[in-house]
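Notes to accompany the following structure.
In our numbering, the protein residues as written are 1 to 430.
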């Protein structure tokens, strides 16, 4: 949610930002908020003035009574009674206008960075840099689910009977590899100075509305029937919401945390949800990183965070690229964002494995996350998030890039301590 001062002082900037995101249907919201805000401030000012007048008049009654001016005192009491009747209606109108303003403000997108490329959708995202050599082996690389199946590591048929499409069973060495990657990612981030956390896997609606836009909520979140609880789509949701309604100390910032959680997503409108692989699914596990910091630090943290993703994937012998998200591909709360995409030698193209975002103070405003400066001033913090690693999707890149012609899969040196010292996993031919 943006600062309403932007609408008061520079409506055209807000409108131009909406146009860059190709959301022209939201343009009327700017003028609507502007007009509602005028009415709100007029109403609030009138109510404040009446409360002040009521207090002043009340203070004068005692003096008049002491001076024996009972008639004047009674007249003032009658005036106070009339004022007292008028104030509740104004207060009710205040709340009504404030609610309408907030509802509309929650839909207006955050101001994007000046250097974000303008484009309608993810097809216009911009490749910035490739890290590692994108090799294509001389032998044919099977589909990732076929690689897993040769290790007896994947059963989607049974999962379909138990849970439906978009679910899976991982088993044996593939399941062990899955857990090893998560453990390695956890320790990787701890070694970067991040505090490890296991957060709640369900959050209330006010937390959901704080961490994401309404459109994202409808497309992603599973609601618990009969409860004011939602299953998280990523641990970023409960991690950022941890600081909801908090006044932090400036000395506490930056707060850097890495978290493990299962994630649940409806994937409304997703293509290929019923495919045989595990690229797009309803349930997965993830290691996430979040930062809560001072505004002047958020750009630097953004650079650090996406670079951590590159470093992690390169340590697993997986080539990646940084893809800058264009304006039309940015979720409404994002100031800037980039995807880290892994190389698929089978498809000979990249696919997303991490998403790093700076949300400036848009998320903090919705959740009322502020900090108190040493000089006593209060300011909204900036929030950032990034995927550390999200198997089983990242296992696709891992298996394809570490596959040998005989079907075995190499275990990079960095991961061997988490795989019992194995340097590769092999197909059991018994």
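In this text, a Cβ means the ideal position worked out from N, Cα and C, and glycines have one as well.
query = Roughly how many whole angstroms lie between the Cα atoms of residue 410 and residue 170?
reply = Taking the first residue of the chain shown as 1, we reach residue 410 at position 410. Taking the first residue of the chain shown as 1, we reach residue 170 at position 170. Distance between the alpha carbons of residue 410 and residue 170 is about 19 Å.
request  = For residue 340, write down the residues that DSSP places opposite it in a beta bridge.
outcome  = As a working mapping, residue 340 is identified with position 340 in the chain shown. Note: residue 340 sits in a beta bridge opposite 322, 354.
For residue 252, the first and last residue of its enclosing beta strand (DSSP E) = In the chain shown, residue 252 corresponds to position 252, counting from 1. Taken as a continuous stretch (DSSP letters only), residue 252 belongs to no beta strand (DSSP E), as it is neither H nor E.
Cα-Cα separation, residue 65 to residue 73 = The residue labelled residue 65 in the question sits at position 65 within the chain shown. The residue labelled residue 73 in the question sits at position 73 within the chain shown. In a straight line, the C-alpha of residue 65 is about 6 Å away from that of residue 73.
query = Rounded to whole angstroms, how far is the Cβ of residue 107 from the Cβ of residue 29, which I believe are closer than 8 Å?
reply = Indexing the chain shown from 1 puts residue 107 at position 107. Indexing the chain shown from 1 puts residue 29 at position 29. At roughly 6 Å, the Cβ-Cβ gap stays under 8 Å, so residue 107 and residue 29 are in contact.
Beta-carbon proximity list for residue 400, same chain, < 7 Å, skipping 5 on both sides = One-based indexing of the chain shown puts residue 400 at position 400. The answer, listed in chain order, is 141, 144, 344, 345, 346.
request  = Please state if the CB of residue 336 and the CB of residue 113 are separated by a distance shorter than 9 Å.
outcome  = Locating residue 113 in the chain shown gives position 113, where the first residue counts as 1. Locating residue 336 in the chain shown gives position 336, where the first residue counts as 1. Cβ distance < 9 Å, so residue 113 and residue 336 count as in contact.
inquiry  = Taking the alpha helix (DSSP H) that residue 372 belongs to, which residues open and close that run?
reply    = Within the chain shown, residue 372 is the residue found at index 372, counting from 1. Unbroken run through residue 372 is the beta strand (DSSP E), 370 to 372; no alpha helix (DSSP H).
key: CA nearest to the CA of residue 20, picked from 81, 208, 129, 120   = Residue numbering aside, residue 20 sits at position 20 when the chain shown is read from its first letter. Taking residue 20 as reference, the option from 81, 208, 129, 120 with the minimal CA-CA separation is 120.
query = In whole angstroms, what is the alpha-carbon distance linking residue 272 and residue 167?
reply = Residue mapping note: residue 272 aligns to position 272 of the chain shown, counting from 1. Residue mapping note: residue 167 aligns to position 167 of the chain shown, counting from 1. Note that residue 272 scores a pLDDT of 49, beneath 50, so its modelled location is shaky; the value from the coordinates is reported in the next line. So the alpha carbons of these two residues sit roughly 13 Å apart.
message = Between which two residues does the alpha helix (DSSP H) holding residue 97 run?
response = On the chain shown, residue 97 is found 97 positions in, with the first residue counted as 1. It spans 70 to 105 - the alpha helix (DSSP H) in which residue 97 sits, taken as one unbroken run.
Residue 75 versus residue 87: straight-line alpha-carbon distance, rounded = The residue you call residue 75 lines up with position 75 of the chain shown. The residue you call residue 87 lines up with position 87 of the chain shown. Looking at the backbone, the Cα of residue 75 and that of residue 87 are separated by about 19 Å.
query = Between residue 274 and residue 155, what straight-line distance do the alpha-carbon atoms span, to the nearest angstrom?
reply = Within the chain shown, numbered from 1, the residue matching residue 274 stands at position 274. Within the chain shown, numbered from 1, the residue matching residue 155 stands at position 155. Only weak support exists for where residue 274 lies, its pLDDT of 47 falling under 50; the coordinates are left without a value.
task = Would you decide whether residue 8 is buried or exposed? Buried here means 16 or more other CB atoms lie within 10 Å of its CB.
result = Taking the first residue of the chain shown as position 1, residue 8 is located at position 8. By the neighbour-count definition (other C-beta atoms within 10 Å, threshold 16), residue 8 is an exposed residue.
CB of residue 301 within 9 Å of CB of residue 209, strictly = Sequence index remark: in the chain shown, residue 301 carries index 301 (1-based). Sequence index remark: in the chain shown, residue 209 carries index 209 (1-based). A distance of 9 Å or more separates the beta carbons of residue 301 and residue 209.
Cβ-based neighbour list, residue 173, same chain, cut-off 7 Å, excluding 5 preceding and 5 following = Numbered from its first residue, the chain shown carries residue 173 at position 173. So the qualifying residues of the chain are 151, 153, 425.
query = Nearest CA to the CA of residue 308: which residue from 252, 188, 11, 22?
reply = Your numbering for residue 308 matches position 308 in the chain shown. Ranking the options by Cα distance to residue 308, first place goes to 188.
query = Which whole runs of the beta strand (DSSP E) in the region 2 to 63 are 3 residues long or more, in chain order?
reply = Taken in chain order, the whole beta strand (DSSP E) runs of length 3 or more contained in the region 2 to 63 number zero.
query = How big is the Cα-Cα spacing for residue 395 and residue 92?
reply = Walking along the chain shown from the start, residue 395 turns up at place 395. Walking along the chain shown from the start, residue 92 turns up at place 92. Cα to Cα, residue 395 sits roughly 56 Å from residue 92.
message = Determine whether the beta carbon atoms of residue 148 and residue 278 lie at a separation below 9 Å.
response = Here residue 148 is taken as the residue at index 148 of the chain shown, counted from 1. Here residue 278 is taken as the residue at index 278 of the chain shown, counted from 1. Taking C-beta atoms as the reference points, residue 148 and residue 278 count as a pair closer than 9 Å.
inquiry  = So, at 7 Å on beta carbons, what are the nonlocal neighbours of residue 83 in its own chain, with the 5 sequence-adjacent residues on each side left out?
reply    = Residue numbering aside, residue 83 sits at position 83 when the chain shown is read from its first letter. Once the five neighbours on either side are set aside, the close Cβ partners of residue 83 are 50, 53, 54.
request  = Find the nearest neighbour of residue 38 within the set 126, 27, 101, 316, judged by alpha-carbon distance.
outcome  = As a working note, residue 38 is residue 38 in the chain shown. When each option's Cα is compared against that of residue 38, the closest is 101.
query = Any idea what DSSP makes of residue 389, helix, strand or coil?
reply = Here residue 389 refers to the residue found at position 389 when the chain shown is read from its first residue. Residue 389 falls in the strand class under three-state DSSP.
ask   = Do the region 355 to 370 and the region 245 to 262 meet, that is, are 3 or more Cβ pairs less than 8 Å apart?
value = With a cut-off of 8 Å on Cβ pairs, the region 355 to 370 is in contact with the region 245 to 262, counting three or more such pairs.
ask   = Can at least three beta-carbon pairs, one atom from the region 191 to 198 and one from the region 217 to 232, be found at a separation below 8 Å?
value = Touching, no, given that fewer than three Cβ pairs across the two stretches are closer than 8 Å.
query = Based on the DSSP output, what are the partners of residue 203 in its beta bridges?
reply = Position 203 of the chain shown holds residue 203. Beta-bridge pairing links residue 203 to 230.
key: Close Cβ partners of residue 158 (< 7 Å) along its chain, the five nearest in sequence each way excluded   = Along the chain shown, read from residue 1 onward, the residue named residue 158 stands at position 158. Hits under 7 Å: 169.
inquiry  = Within 10 Å of its beta-carbon, does residue 363 have 16 or more other beta-carbons around it, so buried, or fewer, so exposed?
reply    = Indexing the chain shown from 1 puts residue 363 at position 363. So residue 363 counts as buried.
request  = For the alpha helix (DSSP H) containing residue 287, list its first residue and its last residue.
outcome  = Position 287 of the chain shown, counted from the first residue, corresponds to residue 287. Here residue 287 belongs to no alpha helix (DSSP H); instead the beta strand (DSSP E) covers 283 to 293.
Any non-hydrogen atom of the ligand SAH within 8 Å of residue 15 CB = Ligands displayed in this structure: none; no statement on the ligand SAH is therefore possible.
request  = With distances taken Cα to Cα, identify the nearest neighbour of residue 360 among 283, 304, 291.
outcome  = On the chain shown, position 360 is the one that residue 360 refers to. Of 283, 304, 291, the residue nearest in Cα terms is 291.
ask   = Is DSSP giving residue 259 helix, strand or coil here?
value = On the chain shown, residue 259 is found 259 positions in, with the first residue counted as 1. Residue 259: strand per DSSP, three-state reduction.
task = Please determine, among 58, 184, 42, the residue with the shortest C-alpha to C-alpha distance to residue 420.
result = Residue numbering aside, residue 420 sits at position 420 when the chain shown is read from its first letter. Out of 58, 184, 42, the CA that lies nearest to the CA of residue 420 is found in 184.
message = What does the alpha-carbon distance come out to for the pair residue 341 and residue 350?
response = Counting from 1 along the chain shown, the entry for residue 341 is found at position 341. Counting from 1 along the chain shown, the entry for residue 350 is found at position 350. Rounded to the nearest angstrom, the two C-alpha atoms are 5 Å apart.
message = Quick check: the Cα distance between residue 318 and residue 132, rounded to an integer number of angstroms?
response = To locate residue 318, count along the chain shown from 1; it is residue 318. To locate residue 132, count along the chain shown from 1; it is residue 132. Rounded to the nearest angstrom, the two C-alpha atoms are 7 Å apart.
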